[in-house]
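Everything below concerns the one structure shown next.
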Amino acid sequence: MERIVIEGGRGLRGDIQISGAKNAALPLIAATLLTPGWHTLHNVPNLRDTRTIMALLEAMGVRWEWAPDGPLRINSEHLVGNEASYDLVKTMRASILVLGPLVARLGCARVSLPGGCAIGARPIDFHLRGLARLGCTIALNDGYVDAKIDGRLRGGTVYFDIPSVTGTENILMAASLAKGDTVIKNAAREPEIGNLVDMLTLMGCGIEGRGTDTLVVHGVRELRPAEIAIIPDRIETGTYLMAVGAAGGEVVLRNCNPKHLPALLEKLHAVGLDIEVGETSIRVARRGPLRNVDITTMPFPGFPTDLQAQFMALMSMGNGLAVIHENIFENRFMHVAELRRLGAEIHIDGHSAIVTGVERLRGAQVMATDLRASASLVVAGLAAEGSTIISRIYHLERGYANLVEKLAKVGAAIRKEKEPS
Ligand code: UD1
8 MERIVIEGGR GLRGDIQISG AKNAALPLIA ATLLTPGWHT LHNVPNLRDT RTIMALLEAM
68 GVRWEWAPDG PLRINSEHLV GNEASYDLVK TMRASILVLG PLVARLGCAR VSLPGGCAIG
128 ARPIDFHLRG LARLGCTIAL NDGYVDAKID GRLRGGTVYF DIPSVTGTEN ILMAASLAKG
188 DTVIKNAARE PEIGNLVDML TLMGCGIEGR GTDTLVVHGV RELRPAEIAI IPDRIETGTY
248 LMAVGAAGGE VVLRNCNPKH LPALLEKLHA VGLDIEVGET SIRVARRGPL RNVDITTMPF
308 PGFPTDLQAQ FMALMSMGNG LAVIHENIFE NRFMHVAELR RLGAEIHIDG HSAIVTGVER
368 LRGAQVMATD LRASASLVVA GLAAEGSTII SRIYHLERGY ANLVEKLAKV GAAIRKEKEP
428 S
């Protein structure tokens, strides 16, 4: 196992290239199951999670080619299976994304229930209820979801109690091959869903309401393969913005989309960072002290829960109090105990964390507990005095392409090393 060692306190300077979005790549890869033929996906990030979903597809007979720095080409012509096994699903909840396309194309599918996860119960009831509305029979057997249909899925109305990102994506994919129209109400509006809508549109399915909470899908009998680029990763972008906020310096993030980060950019202005937005770039600099501000996580365009931990790390070194309210997941404060090890003063009260900024964090040994919690430890470690050693970094590798290399290139003293046995 490897760990990350950071000697904090060095300002960051230079350019960082943002990779394709993990949370867009996963549904777009799943969508290639909808129809045979070679699909071409550009800007796919090479991450543990994208490799996991490719392993899942490969186990079903999908062929793929992926040259270094080239597009990912996928062909699901010769499917020999329709099952996503527990072994792979337990390592990545988003594996549930194969359920909608498989059942729509093959008429039946078997996907393991994801089980618990570090940031809460995260049920999949919305996915299953939605598929049932389109005519699927769903049974739960031995920890697996068995979904089947007689003939073809039928369009219908699907309403989400809470906007669910992967739930909306699963229903969009299933509905694209259904007979008739499907209306998704209270749909999630995250930019990654827009990317999937664009892919399904290129594949030949008409979809109205892109970017809104009501999507109308005009299902078709057959789809065709598509060629499309994955959008830039807004969570990676946000993490590096906060890394510069924490460490100081001036960095230009390139190949990103500032329009996908409305809430964070607003908050970082209020915190006192200098931010200059271009069409596909953001220049960020810290020229003075940080002012603590409150946030509440919300579905897009609200403040993303996936940036809450990193924002908390930044607030732990700012001036004053910040109240951080987590609205999306019930157990998403796992990073608090680790940030406290670095000297942060954080008090948890139910779904809120009250952060009192301290003058300086101090390096310590900490443990990554989930993907975004790990990123918050990197943000904190870049500012902390002395060495911060982060173990269990496989969490980070699920979602950040070349994080160590990208930060080292802009001057951070950060390296990976083998964990002593
Ligand atoms: C996606 C993202 C994840 C992000 C999250 C919220 C991917 C691959 N993952 O996860 O990074 O943190 O959105 O922005 O895109 N819920 C239910 N029943 C369901 C589904 C969801 O109760 O069937 C609840 C969840 O517990 C949560 C809320 O709905 O409270 C939103 O979750 P959801 O948007 O579904 O998260 P994911 O799609 O799993």
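If you want our numbering, it's the position in the sequence shown, counting the first as 1, plus 7.
Glycine included, each C-beta is placed from N, C-alpha and C at the ideal position.
Just so it is clear, the structure is predicted and the values come from calculations on it, not from any experiment.
When the options are compared against residue i, the one with the closest alpha-carbon
i	options	result
residue 152	159, 139, 162 and 308	139
residue 388	103, 100, 129 and 253	253
residue 21	289, 220 and 233	289
residue 326	141, 102, 8 and 301	301
residue 154	341, 363, 367 and 177	177
residue 118	133, 136, 129 and 149	149
residue 224	230, 260, 215 and 231	215
residue 352	188, 332 and 324	324
residue 460	11, 45 and 16	Residue numbering for the chain in the displayed model covers 8 to 428; residue 460 lies beyond these limits and cannot be assessed.
residue 219	295, 200 and 237	200
residue 377	367, 314, 180 and 411	314
residue 160	184, 86, 147 and 174	184
residue 337	53, 360 and 50	360
residue 172	196, 164 and 115	196
residue 205	228, 186 and 232	232
residue 429	227, 235 and 71	The displayed coordinates of the chain run from 8 to 428. Any statement about residue 429 would go beyond what the structure contains.
residue 163	269, 410, 298 and 143	143
residue 28	41, 9 and 50	50
residue 398	418, 416, 426 and 420	426
residue 169	146, 357 and 137	137
residue 339	349, 319 and 13	319
residue 115	129, 202, 251 and 40	40
residue 134	109, 146 and 103	103
DSSP-derived helix/strand/coil call for residue i
i	result
residue 199	helix
residue 401	helix
residue 105	helix
residue 326	strand
residue 318	helix
residue 389	helix
residue 310	strand
residue 356	strand
residue 65	helix
residue 287	coil
residue 239	strand
residue 245	helix
residue 229	coil
residue 90	strand
residue 19	strand
residue 8	coil
residue 426	coil
beta-carbon residue i near the ligand UD1 non-hydrogen atom, thresh 7 Å
i	result
residue 102	no
residue 30	yes
residue 290	no
residue 173	yes
residue 313	yes
residue 55	no
residue 179	no
residue 129	yes
residue 267	no
residue 134	yes
residue 336	yes
residue 209	no
residue 200	no
residue 195	yes
residue 120	no
residue 169	yes
residue 33	yes
Per DSSP, cross-strand counterpart(s) of residue i
i	result
residue 116	154
residue 83	Answer is none; residue 83 lacks a bridge partner.
residue 234	47
residue 24	261
residue 166	192
residue 394	14
residue 338	Its beta-bridge partners do not exist; DSSP assigns none.
residue 146	153
residue 215	223
residue 421	13
residue 161	186
residue 281	292
residue 98	Paired residues: none, contrary to the question.
residue 374	398
residue 72	80
residue 298	326
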